Structure formats: C-alpha cells, structure tokens
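Beneath this line is the structure, given in structure tokens, with notes to follow.
Chains as they are written, first to last, in my numbering: chain A, 78 to 411; chain B, 95 to 315.
Shown next, in the form of structure tokens:
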C-alpha cells in the first residue's frame, strides 16, 4: 500500500476538508480576528487533520502489507487466515471475519468430499472383496476349461486395476515397504500369465532376479503384471520374447522388462504414462486399451519411491526399467 | 489319507474347494459352526487348515493367533481375497505357513498344499525308483554305484512323475509345477526335456517307462 495511492483514495476527505477550511477562514475573518490568530487556528486544524490521516495510514499499511506478503509467499494459500493476527480496525476486522467464514465453509466442503471419497474407496474395496468370491468359485468350477479360465483372468485383471486406481488416487497410503525376494514376485506374475504365455508361444525368460528389494510385494507384483500384460498384448506375430533381468548395484536394484513386440512410436513415447492415453497401438487393437495400465504403474512407483522409465523402437522392442532404491535412499514422492 | 479342514463361509466356494480337494485324494472336513471355531478346529484335529480371513464372529487372523497361542501347530494356509501386503505380513507373523489370494489357480493351490505335507514328512535326501536312488538336491541318479546326471528340468520332471507314479500326470499340471519352481519353459522345451529324460532312463536300463497318453499326459510305470 503506497502513500500516494492511499491519499488518492482519501480524495473525498481532502475536498470536504478544503471546503471546511475555506468556510472556517471566512468565518474567522467575519469575527474580525487578527491575521496571526487566523493563521494559527488554520495551521493547527490542518495539522490535526494530517495526524489523523497518517495514523490511519500506518495502522492499515501494517496489516495489508503483511496480508499481501503472506499471500504471495504461501504455497497453500488457503492457510492465509491462520497466519494473520486479527487487525484492530473496522475494515480489517470485517475482512478478517469474511476470510475466516469463507475458509470454514470451504473447509467443510472439502472434508465432506474427502469423506465421500473415503466412503467410495471403502465401498470399492468391499465390492472387490465380494466379487472375488464368485470369481474364485468360477475358477474352481471351470478348472478344466482353458477358455473360460482365460476370460475369468481378464475379469480378475480388470477388477484389480480398479482396486489400484482407487488406492493410488487416495491420500492415505496403505502399502508396506519391506524386504522382499524379487524372484517370488516375478514367479507370481509368471504363474498369473502362464496360460497366455504358453498358448501364444511367447518365450519367457528371467535372469538374475534372486535379489532382495525394498518394496510392497503386492504393489510391485501389480506393476510388473501390468507391464508383462502389455508385452503379451502387443506381441509380434512370431518368435516373441519377454525377458526380465535384475541388476544389483550399491544404491539401487533395477528391473528391466524387455520384449521384442510392436513397440511404441517416438511421438507416443513421452505420453504413455499419461492418464487415459491410448496411443496408436491401443486404438488399433481389437480389445481396446483403457490407457490406465502404465499411468497406474507410474503413480504407484511414485508412491513407493521407485523410478519407472520406458524406451522403445517401433517393430523392434519395448524396454521398461524400474529402479528400486536401497535403504535410506528412496525418497517418497507422495 | 491327510485330513484338510476348510474354514470358509461362502458356501459355493467351500463346496467347490472340497470337491477339488477330495478329487485330489484328500479327506475334506468343513467347518460350519463359526461361533466356536477354535474348539471345533481342535475337535476336528486336521492335518492342514485352509483359513479364510473374512469369516463370521472371529477374523481369521485372530483365530490363527488364538490357535497358535493354544499350542495348536497344525499347518495353516491363509486363503483370502484381500491383497493388502499388511494382511499377508500379519498372517505370516501369527504363524501361517502360506498365504494365497483369491481367486487362486487350483493347480497352484494343490502344489502349495503338497509342499507343506512334503515339508512335514521326514525328508529323505533320496527317492527310490526300483533299483534307482534319486538325489534331487544333488541332481544325480545312482544305479549300482554308477552316477547319472540329470539337469534341473529333468530332475523336476522325474521327481514329479515319480511322486505320482502309476497315475496319469496332466501336461498342464506338470507345467504348473515347473513354473512354480522358477523354470519358465515352453511346450517345446517340455517335450524335449521329456525325451531327454527318456534317453537317460534308457541308458540306466529302463526302457519305455514314461508313457505318453495322447491328450491326457504322461505316466510313469
């Protein structure tokens, strides 16, 4: 708040005051007072006027400058009201109360939405829990029927995708980072995709994965399963290979999932981790892609503090590299 | 015959599970009274318990803890539809022997059950097939002081056939068994491995002991 702008704002006061001074001087002249007394009274009145004006200016300046300063420096602007002292003048008080009220209202709305989202998440988790029972029964009933089993597996994978979507969109993190054997996680992925891999005659190779990794086993299993499912989906017509290689170094473990499939074009590559991005491959395939798989991989990796990168060349290969940091080194991206 | 107790409250799933297990040659017991589940389980005295986490009255994890606190050391496999890591860690720390999430592959479930029974039995370091002594850990077969080497694949196939001697082994089950042992081989490789194994058995003096049943699988005589 600059003095000049403040004074400009008080222009009406100056006008009224000037008229008042003129009337005052005329009045005093009419009383036939000596000019020295007239000058004294006028000067005194002008001085009092300016003292009142400046006092008001400095009082307000302190509050408003603090207000603006904090507004610009705050990362979360809705916390502004918490950072201010209640001012001691009327307009300030009104502004303060208004901000407080608006804030409270917004806060109520947000917590209502948060509760709603939490309820929704709980319901989805419960629903998935429920739907897995008939799925398990159907798997047992149709254990001899390969085609039905494959369709059941598709349902299972899709259901799981929703579960992880709900989990990663929510603020609370229900994962558990612990030391796990990479081999076991990969074995689970392999067994889940065994029938597809064998039926489509894809060579599945695992190399140097007898490593310990700091992760959440279920989440990492889901991530690797998404990538392997993609590799199966976008395979070449013959001589298909999927190869998972582990590499141990001082600070991190990397897992490379390589396939010699259709690949991803250069223009699509930077966007494959975007939500609902389907790209060229996803649109031309008979079963449409949802564009959620890799997005979820990225989000879950961020939460776990892992890094995920992708490299590919059309009609040659796709390579996904997951980097898992060792103790003390992973930084949780939130 | 080993007795397996199923603790699962979904009726259809329970029936199908007991169907699968009794077809695989186990005696199946079913818990229906969940109110006094702990006492019922102790009365049943099973060799293995398949325990669901979400059961009425008492959560499966708590039930497991209570059983272990009462010094009931029956092996337990947790069967659950929860795929939260925390549930797995909790179950294992309460003393579960294995943890499988629904919906499970039936073959894998049977393999895991079999693994536990194998672990319980006094483990011999060798198996016998007529006058052959098979040492799975060393990868050798001994006949009259003479040693024959088998690769890891051949050894796994041979021991699996041997454990099911006299009955037909489904090619798919054999495949699941190999994949479950971290050997991700394809159909061709399995065929090649079987014929190599046949060749080696032939060298040991056993001719045509592995029979191919078209469309069904293999049989070790």
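Glycine included, each C-beta is placed from N, C-alpha and C at the ideal position.
As the structure is a prediction and not an experimental result, all values here were calculated from the model.
Shown here for residue 226 of chain B: same chain residues with a beta carbon closer than 6 Å to its own, the five before and five after excluded, namely 235 and 237 in chain order. Residue contact with chain B for residue 228 of chain A: absent (no Cβ-Cβ distance below 9 Å to any residue of chain B). Counting along the chain, the unbroken alpha helix (DSSP H) around residue 288 of chain B starts and ends at 281-297.
Distance from the CA atom of residue 110 of chain B to the CA atom of residue 206 of chain A, rounded to whole angstroms, is 18 Å. Beyond the five residues adjoining it in sequence on each side, residue 128 of chain B comes within less than 7 Å, by CB distance, of 103, 149, 150 and 151 in the same chain, given in chain order. Taking every protein chain shown into account, the CB of residue 306 of chain A has 16 or more other CB atoms within 10 angstroms, so this residue is buried. Against chain B, a Cβ distance below 9 Å from residue 252 of chain A picks out 178, 179 and 180. DSSP places residue 249 of chain B in the helix class (H, G or I) of the three-state scheme. The beta carbon of residue 231 of chain A does not come within 9 Å of any beta carbon belonging to chain B, so the residue lies off that interface. Taking residue 324 of chain A as reference, the option from A/216, A/168, A/293 and A/288 with the minimal CA-CA separation is A/288. The count of Cβ pairs closer than 8 Å, one atom from the stretch 265-284 of chain B and one from the stretch 259-277 of chain A, reaches three, so the stretches are in contact. Contacts between residue 247 of chain B and chain A, judged by CB atoms closer than 7 Å, are missing: the closest CB pair is about 14 Å apart. Annotation: residue 220 of chain B is outside any beta strand (DSSP E) and is labelled neither H nor E by DSSP. Residue 162 of chain B is a Cβ neighbour of residue 189 of chain B, given a cutoff of 9 Å.
Around residue 278 of chain A, the beta-carbon contacts reaching into chain B at under 8 Å are 280 and 281. One thing to note: residue 98 of chain B has its Cβ within 9 Å of the Cβ of residue 144 of chain B.
For residue 119 of chain A and residue 179 of chain A, the gap between their C-alpha atoms comes out near 47 Å.
Take residue 259 of chain B, set aside five residues on each side of it, and the residues of its chain with a beta-carbon closer than 6 Å to its own are 314, in chain order. A distance of 9 Å or more separates the beta carbons of residue 240 of chain A and residue 290 of chain A. Per DSSP, residue 379 of chain A is one residue of the alpha helix (DSSP H) stretching across 370-381.
Residue-level contact by beta carbon fails for residue 350 of chain A and chain B, as no gap is shorter than 9 Å.
Residue state for residue 183 of chain B is assigned as helix, using DSSP reduced to three classes. With respect to chain A, the C-beta atom of residue 106 of chain B has a partner C-beta closer than 9 Å. Taking 9 Å as the cut-off, the Cβ atoms of residue 281 of chain A and residue 193 of chain B do not count as close. Bounds of the beta strand (DSSP E) holding residue 330 of chain A are 329-336. Of the residues assessed, residue 172 of chain B falls on the buried side of the cut-off, its CB having 16 or more other CB atoms within 10 angstroms.
Chain A places no beta carbon closer than 9 Å to that of residue 258 of chain B, leaving this residue out of the contacts. DSSP, reduced to helix, strand and coil, places residue 315 of chain A outside both helices and strands of the structure shown, so it counts as coil. Residue 389 of chain A: member of the beta strand (DSSP E) spanning 384-390, first to last residue. As DSSP reads the structure, residue 280 of chain A sits in a beta bridge with A/318.
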